[in-house]
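Participant: Quick note on our numbering: the sequence shown kicks off at 338 and runs consecutively.
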Amino acid sequence: MLETLISKYLLNALLLSLVSIFYSFLKNKLGEDRATTIKEAILSAMLWAEEELGIGNGNQKWEIAWKKLIEILADKNIRLKKSEERAVKTMMKANVGRINKQTYDILSKRKLLKNKGPSQQSLLTK
Numbered sequence: 338m339l340e341t342l343i344s345k346y347l348l349n350a351l352l353l354s355l356v357s358i359f360y361s362f363l364k365n366k367l368g369e370d371r372a373t374t375i376k377e378a379i380l381s382a383m384l385w386a387e388e389e390l391g392i393g394n395g396n397q398k399w400e401i402a403w404k405k406l407i408e409i410l411a412d413k414n415i416r417l418k419k420s421e422e423r424a425v426k427t428m429m430k431a432n433v434g435r436i437n438k439q440t441y442d443i444l445s446k447r448k449l450l451k452n453k454g455p456s457q458q459s460l461l462t463k
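1. So, helix, strand or coil for LEU417, using DSSP?
2. Let me check understanding here. Comparing Cα to Cα, which of LEU348, PHE362, ILE401 and SER420 lies closest to TRP385?
3. Ignore the nearest five residues each way along the sequence and tell me which others in LEU410's own chain have a CB closer than 6 Å to its CB.
4. Along the chain, where does the alpha helix (DSSP H) containing GLY395 start, and where does it finish?
5. On the CB-based measure, 16 or more other CB atoms within 10 Å of its CB, does ALA382 come out buried or exposed?
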């Protein structure tokens, strides 16, 4: 069990390091504005795919998120080079945990509010 926890955190740290390295690569090679735009577009595309398909649908969600990312970047007159595509795909994979956390936190908050709603309403009517 300890090995599992250590390996999980080690893998997360390694993935975060890779994202940092790729982000700094993009920033140095492409400029701060372009790198920031790409990073924001990645998050937007992934959240959009999560909203469209919901929980699950792994490979299909990846393909839809990638198409949406290319669409968002095209709207901002940004085209990814072949060498950049691999770095961007790695950044997308590294953001899966963040996207899942945002999505599932929102879902749990909605469920909590939905569950609390009727009990609070009954208190107001008494």
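For every residue, glycine included, the Cβ atom is placed at its ideal position computed from N, Cα and C.
Facilitator: According to the structure shown:
1. coil
2. ILE401
3. Within its own chain, the residues whose Cβ lies closer than 6 Å to the Cβ of LEU410, once the five positions on either side in sequence are excluded, are ALA378, listed in chain order.
4. From DSSP, the alpha helix (DSSP H) with GLY395 extends over 395–412.
5. Classification for ALA382: buried.
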